[in-house]
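Q: Be aware that the sequence shown starts at 49, since it is given in the working numbering, and climbs by one per residue.
Note that the Cβ used here is the ideal one computed from N, Cα and C, for glycine as well.
The structure that follows is given in the form of structure tokens.
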Amino acid sequence: MKKEYDFSKGKKNPYIVNLKKQITIRLDAETINYFKHLSETNGISYQALINLYLRDCAQKHKKLNLGWSSDKQ
């Protein structure tokens, strides 16, 4: 191995904008199993499927209806 390397002609990584950020997220087992089952039938990892789904939601600005009713009588 060389003691020094010359990076003066090096190029920046063109894929740097496509890097993913690792986070911790808590999902219920039913949700994980759903995406794992989809991954087996589609040949893509369940984590990639979750990412694709969330990206689609973000790009389409989907809104989640969080309205809970208190119909206790």
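#1: Rounded to whole angstroms, what's the CA-CA distance from residue 109 to residue 62? Just pull it up for me.
#2: Buried or exposed for residue 71, going by 16 or more other Cβ atoms inside 10 Å?
#3: Would you check if the distance between the CB atom of residue 83 and the CB atom of residue 98 is smaller than 8 angstroms?
#4: Would you identify the three-state DSSP class for residue 92, choosing helix, strand or coil?
#5: Secondary structure at residue 101, three-state DSSP: helix, strand or coil?
A: According to the structure data:
#1: Here the question's residue 109 lines up with position 61 in the sequence shown. Here the question's residue 62 lines up with position 14 in the sequence shown. Distance between the alpha carbons of residue 109 and residue 62: 28 angstroms.
#2: Here residue 71 refers to the residue found at position 23 of the sequence shown. Counting Cβ neighbours within 10 Å, residue 71 comes out exposed, since fewer than 16 surround it.
#3: In the sequence shown, the residue the question calls residue 83 occupies position 35. In the sequence shown, the residue the question calls residue 98 occupies position 50. In this structure, residue 98 lies closer than 8 angstroms to residue 83 by Cβ.
#4: Position 44 of the sequence shown, counted from the start, is the residue given in the question as residue 92. The answer is coil: DSSP assigns residue 92 none of H, G, I, E or B.
#5: Working through the sequence shown from its first residue, we reach residue 101 at position 53. Residue 101 falls in the helix class under three-state DSSP.
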